[in-house]
Amino acid sequence: MAINQLSRIPFAGPLQSTGSCLVFLFRMLSGLRFNPEQVRNILQQIYLIGARSLVIIMICGFFVGMVLSLQAINALEQFGASDQVSLLVGKSLFRELGPVLTALLFAGRAGTSITAEIGLMRATHQIDAMELMAINPVHRIALPRFIAGLVSVPLLTAMFNALAILGSVVFSIGVMNLDPGIFWSKLQTGVFFDKDLMSGVWKSLVFGGIVSLVAVYFGYTARPTGSGVGTATTNTVVLSSVLVLIFDFILTSFFT
Amino acid sequence: MRANYKVELASGIFLLLGVAALIWLATRATDYGQDIGNETYNISARFTNIGDLRDRAPVKIGGVTIGMINKVELDPVTFEAIVSMDISSRFDEIPSDTGASVLTSGVLGDRYIGLEPGGAPDVLVEGDELFITQSALVLEQVIGKYLFSTGAAESESTETGSSEP
Chain A
2 MAINQLSRIP FAGPLQSTGS CLVFLFRMLS GLRFNPEQVR NILQQIYLIG ARSLVIIMIC
62 GFFVGMVLSL QAINALEQFG ASDQVSLLVG KSLFRELGPV LTALLFAGRA GTSITAEIGL
122 MRATHQIDAM ELMAINPVHR IALPRFIAGL VSVPLLTAMF NALAILGSVV FSIGVMNLDP
182 GIFWSKLQTG VFFDKDLMSG VWKSLVFGGI VSLVAVYFGY TARPTGSGVG TATTNTVVLS
242 SVLVLIFDFI LTSFFT
Chain B
47 MRANYKVELA SGIFLLLGVA ALIWLATRAT DYGQDIGNET YNISARFTNI GDLRDRAPVK
107 IGGVTIGMIN KVELDPVTFE AIVSMDISSR FDEIPSDTGA SVLTSGVLGD RYIGLEPGGA
167 PDVLVEGDEL FITQSALVLE QVIGKYLFST GAAESESTET GSSEP
């Protein structure tokens with residue numbers, strides 16, 4: 002098959018994007034050195050990406066915990082099992098809702114800003130200027146953001162989970178007057194550290210990698226125009242949300 | 047430099063907060079650290095049927111957890127389930143003629159092993175086996191037995207009833 006006929010095979014476009022995304026990942030990771038300058042860059046990005054997403058993550062976590070316990074108590078009350086609410090909230094939260102919702106929020110809060118920032122750097126020729134100064138823009142711009150996302154998402158997930166448990170405590174103990182002793186003992190006997198909490202943490206690590214990779218890739222390959230950056234930002238949110246949900250199913254079915 | 051220092055401080059605080067949240071969740075909201083302590087000794091027991099007893103299920107005396115199930119395996123020759131359990135070393139004076147039974151907490155609750163201390167003067171030590179065991183009550187078998195026995199009694203009575211006159 003001649004090379005100009007390659008584009009006729011089905012799904013050529015998405016396959017090509019996936020391939021170039023992976024090439025981009027390896028180009029980025031080849032610049033991984035732990036010298037003080039790079040660590041400082043990564044820390045700065047952890048502040049911009051992770052720490053500044055903290056408030057929205059914590060607020061959402063708190064209300065997710067409240068609404069989960071509200072719905073769970075409504076359903077469980079019908080067969081007199083409202084004592085099991087903490088078990089249901091804990092398991093569903095640690096395994097699924099915590100990692101997935103955090104990744105989706107992170108894509109909306111931090112992924113978009115990464116894409117827009119890098120896209121605008123491309124549009125205002127900052128990236129070209131770096132190349133002229135013999136600074137590798139993939140290593141200098143994309144890598145710290147990717148690593149920062151990878152580190153931040155599991156930690157944000159942990160905080161989302163913690164706040165959701167607090168929200169559940171507030172609603173079920175404070176409002177619905179369930180017994181606090183039963184609430185905590187159900188969690189401590191029924192929710193497992195390795196199978197529930199840690200499996201969610203590993204998942205969120207993968208989600209963090211997916212969202213940050215998609216964000217830096219779309220930012221870096223954005224068309225250097227206003228509408229190009231806008232399209233790239235939209236694509237980041239759409240594709241990273243879809244990929245998070247697809248990989249959630251794949252990871253859950255293969256590793257649990 | 048001043049702004050940079052603040053940013054690094056903030057990201058450091060963020061990292062610490064994240065790890066702290068993880069540790070808090072692990073210790074308060076999961077079974078992590080709910081073990082029976084590091085000092086344990088291992089005993090085993092054989093059952094013909096253990097129901098749906100799982101690994102890490104509790105071992106109790108008088109309702110108080112004193113250990114947990116370490117491993118459940120099948121004896122390939124006698125086809126009995128061998129349950130190996132770790133008992134906290136604080137309870138080192140359990141008599142050697144203690145009985146073990148597979149019990150259920152509540153009607154539909156989890157399975158656990160209940161130990162019934164005997165009166166022998168010597169105590170259980172590492173590697174001992176319990177000989178007095180009682181298998182799990184499997185609901186289907188109990189119902190089946192009940193139906194079968196009442197059915198048999200009825201058919202017996204009708205048989206005797208028909209043969210008498």
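Residue numbers (my numbering), protein chains in the order written: chain A, 2 to 257; chain B, 47 to 211. Positions of the beta carbon are idealized from the N, C-alpha and C atoms, including for glycine. All figures in this text were calculated on a predicted structure; none of them were measured in a lab.
So for Arg-141 (chain A), helix, strand or coil by DSSP?
Residue 141 (chain A) sits at position 140 when you count from the first residue of the first sequence. Three-state result, Arg-141 (chain A): helix.
Please name the residue, chosen from A:Ile-166, A:Phe-12, A:Ala-143, A:Leu-77, that lies closest to Val-65 (chain A) on a Cα-to-Cα basis.
Within the first sequence, numbered from 1, the residue matching residue 65 (chain A) stands at position 64. Checking every option, the nearest Cα to that of Val-65 (chain A) belongs to A:Ile-166.
When DSSP labels each residue in this structure, what does Ser-147 (chain B) get in the three-state scheme?
Your numbering for residue 147 (chain B) matches position 101 in the second sequence. Strand, per DSSP.
Report the neighbours of Tyr-78 (chain B) on chain A: residues whose CB is nearer than 8 Å to its CB, in chain order.
One-based indexing of the second sequence puts residue 78 (chain B) at position 32. Phe-194, Leu-198, listed in chain order.
With DSSP collapsed to three states, give me the class of Val-118 (chain B).
Taking the first residue of the second sequence as position 1, residue 118 (chain B) is located at position 72. Correct three-state label for Val-118 (chain B): strand.
Take Ile-148 (chain A) and list the residues in its own chain whose beta-carbon comes closer than 6 Å to its own, dropping the five residues that flank it on each side.
By one-based count along the first sequence, residue 148 (chain A) stands at place 147. Correct list, in chain order: Ile-43.
As assigned by DSSP and simplified to three states, the class of Tyr-265 (chain B):
Nothing can be reported for residue 265 (chain B): it is not among the residues displayed for chain B, which extend from 47 to 211.
Identify whether Asp-180 (chain A) lies in helix, strand or coil by the three-state DSSP scheme.
The residue you call residue 180 (chain A) lines up with position 179 of the first sequence. Correct three-state label for Asp-180 (chain A): coil.
At which residues does the beta strand (DSSP E) containing Val-129 (chain B) begin and terminate?
Here residue 129 (chain B) refers to the residue found at position 83 when the second sequence is read from its first residue. Start and end: 127-134.
Buried or exposed: where does Met-134 (chain A) fall if 16 or more other Cβ atoms within 10 Å of its Cβ makes it buried?
Here residue 134 (chain A) is taken as the residue at index 133 of the first sequence, counted from 1. Counting Cβ neighbours within 10 Å, Met-134 (chain A) comes out exposed, since fewer than 16 surround it.
Where Val-169 (chain B) falls: helix, strand or coil (DSSP):
Locating residue 169 (chain B) in the second sequence gives position 123, counting from the first residue. Here Val-169 (chain B) sits in strand by DSSP.
Is it buried or exposed, Val-171 (chain B), if we count other Cβ atoms within 10 angstroms and call 16 or more buried?
Against the second sequence, residue 171 (chain B) aligns to sequence position 125. By the 10 Å Cβ count, Val-171 (chain B) comes out exposed.
So what does Tyr-158 (chain B) bridge to, in DSSP terms?
If you number the second sequence from 1, residue 158 (chain B) lands on position 112. Its beta-bridge partners are B:Leu-149.
Beta-carbon proximity of Ala-223 (chain A) to Arg-146 (chain A), cut-off 7 Å:
Translated into positions along the first sequence, residue 223 (chain A) becomes position 222. Translated into positions along the first sequence, residue 146 (chain A) becomes position 145. Contact: no.
I need the straight-line Cα distance from Val-53 (chain B) to Tyr-48 (chain A), nearest angstrom please.
Taking the second sequence and counting its residues from 1, one reaches residue 53 (chain B) at position 7. Taking the first sequence and counting its residues from 1, one reaches residue 48 (chain A) at position 47. Each residue's Cα considered, the two are about 6 Å apart.
Short check: CB of Arg-28 (chain A) to CB of Val-139 (chain A), under 7 Å?
For the purposes of this step, residue 28 (chain A) is identified with residue 27 of the first sequence, where counting begins at 1. For the purposes of this step, residue 139 (chain A) is identified with residue 138 of the first sequence, where counting begins at 1. Their beta carbons are under 7 Å apart, which means Arg-28 (chain A) touches Val-139 (chain A) by this criterion.
May I ask you to list the residues that DSSP assigns as paired with Gly-113 (chain B)?
If you number the second sequence from 1, residue 113 (chain B) lands on position 67. Answer is B:Val-105, B:Ile-133.
With the cut-off set at 7 Å, would you say Ala-72 (chain B) and Phe-256 (chain A) are in Cβ contact?
In the second sequence, counting from the first residue as 1, residue 72 (chain B) sits at position 26. In the first sequence, counting from the first residue as 1, residue 256 (chain A) sits at position 255. Not in contact: Ala-72 (chain B) and Phe-256 (chain A) (Cβ atoms no closer than 7 Å).
Taking a Cβ distance cut-off of 7 Å, strictly less, list which residues of the stretch 46-73 of chain A are near chain B, in chain order.
Ile-47, Tyr-48, Gly-51, Ala-52, Leu-55
Residue(s) in a DSSP beta bridge with Asp-176 (chain B)
Numbered from its first residue, the second sequence carries residue 176 (chain B) at position 130. Sequence check: residue 176 (chain B) is Leu here, not Asp. For Leu-176 (chain B), which the question treats as bridged, DSSP gives the partners B:Ala-91.
Give the residues of chain A in contact with Arg-100 (chain B), contact being defined as C-beta atoms less than 8 Å apart.
As a working mapping, residue 100 (chain B) is identified with position 54 in the second sequence. Here the premise fails: no neighbours, minimum Cβ distance about 11 Å.
Quick check on Pro-141 (chain B): does DSSP put it in helix, strand or coil?
The sequence position of residue 141 (chain B) within the second sequence is 95, counting from 1. Looking at Pro-141 (chain B) - three-state DSSP - the assignment turns out to be strand.
Tell me the rounded alpha-carbon separation between Ala-73 (chain A) and Met-59 (chain A).
The sequence position of residue 73 (chain A) within the first sequence is 72, counting from 1. The sequence position of residue 59 (chain A) within the first sequence is 58, counting from 1. Taking the straight line joining both Cα atoms gives about 21 Å.
Cross-chain neighbours of Ala-72 (chain B) in chain A, by beta carbon under 8 Å:
Within the second sequence, numbered from 1, the residue matching residue 72 (chain B) stands at position 26. In chain order: Phe-194, Leu-198.
Compare the C-beta of Asn-36 (chain A) against all C-beta atoms of chain B and say whether one is closer than 7 Å.
Translated into the one-based positions of the first sequence, residue 36 (chain A) becomes position 35. Chain B contact via Cβ: absent.
How close, in whole Å, do the beta carbons of Thr-86 (chain B) and Gly-113 (chain B) come, if the pair is a contact with beta carbons under 8 Å?
The residue you call residue 86 (chain B) lines up with position 40 of the second sequence. The residue you call residue 113 (chain B) lines up with position 67 of the second sequence. Indeed, because the Cβ distance is near 7 Å, the residues count as touching under 8 Å.
Through-space distance from Ala-182 (chain B) to Lys-187 (chain A), alpha-carbon basis:
Looking up residue 187 (chain A) in the first sequence gives position 186. Looking up residue 182 (chain B) in the second sequence gives position 136. If I take the Cα positions, the gap works out to 24 Å.
Residue range of the unbroken alpha helix (DSSP H) whose run includes Phe-49 (chain A):
In the first sequence, counting from the first residue as 1, residue 49 (chain A) sits at position 48. It should be pointed out that residue 49 (chain A) corresponds to Leu in this sequence rather than to Phe. Where Leu-49 (chain A) is concerned, there is no enclosing alpha helix (DSSP H), given that its DSSP letter is neither H nor E.
Report yes or no: is there a C-beta of chain B within less than 7 Å of the C-beta of Asn-162 (chain A)?
Here residue 162 (chain A) is taken as the residue at index 161 of the first sequence, counted from 1. Yes, because at least one Cβ of chain B sits closer than 7 Å to the Cβ of Asn-162 (chain A).
Nearest by alpha-carbon distance to Ser-205 (chain A): which of A:Asn-75, A:Ile-174, A:Thr-103, A:Gln-189 is it?
Numbered from its first residue, the first sequence carries residue 205 (chain A) at position 204. It is A:Thr-103.
Relative to chain A, which residues along the stretch 55-68 of chain B have a C-beta separation below 8 Å, given in chain order?
Ala-56, Ser-57, Gly-58, Ile-59, Phe-60, Leu-61, Leu-63, Gly-64, Val-65, Ala-67, Leu-68
In chain order, each alpha helix (DSSP H) run of at least 4 residues that lies wholly inside the stretch 101-175 of chain A:
113-124, 127-133, 144-170
Nearest chain B C-beta to Gln-189 (chain A) closer than 7 Å, yes or no?
Looking up residue 189 (chain A) in the first sequence gives position 188. So, interface residue.
To the nearest angstrom, how far is the alpha carbon of Val-217 (chain A) from that of Val-207 (chain A)?
Position 216 of the first sequence, counting from 1, holds the residue named residue 217 (chain A). Position 206 of the first sequence, counting from 1, holds the residue named residue 207 (chain A). Rounded to the nearest angstrom, the two C-alpha atoms are 16 Å apart.
Drop a sphere of 10 angstroms on the beta-carbon of Gln-45 (chain A), count the other beta-carbons inside from all chains shown, and report buried for 16 or more, exposed for fewer.
Walking along the first sequence from the start, residue 45 (chain A) turns up at place 44. Burial call: buried.
Can you pull the chain B residues whose beta carbon is under 8 Å from the beta carbon of Tyr-156 (chain A), in chain order?
Here residue 156 (chain A) refers to the residue found at position 155 of the first sequence. With the sequence shown as reference, residue 156 (chain A) is identified as Leu, and Tyr is not the correct amino acid for it. Phe-60, Leu-61, Leu-63, Gly-64, Val-65, Ala-67, Leu-68, listed in chain order.
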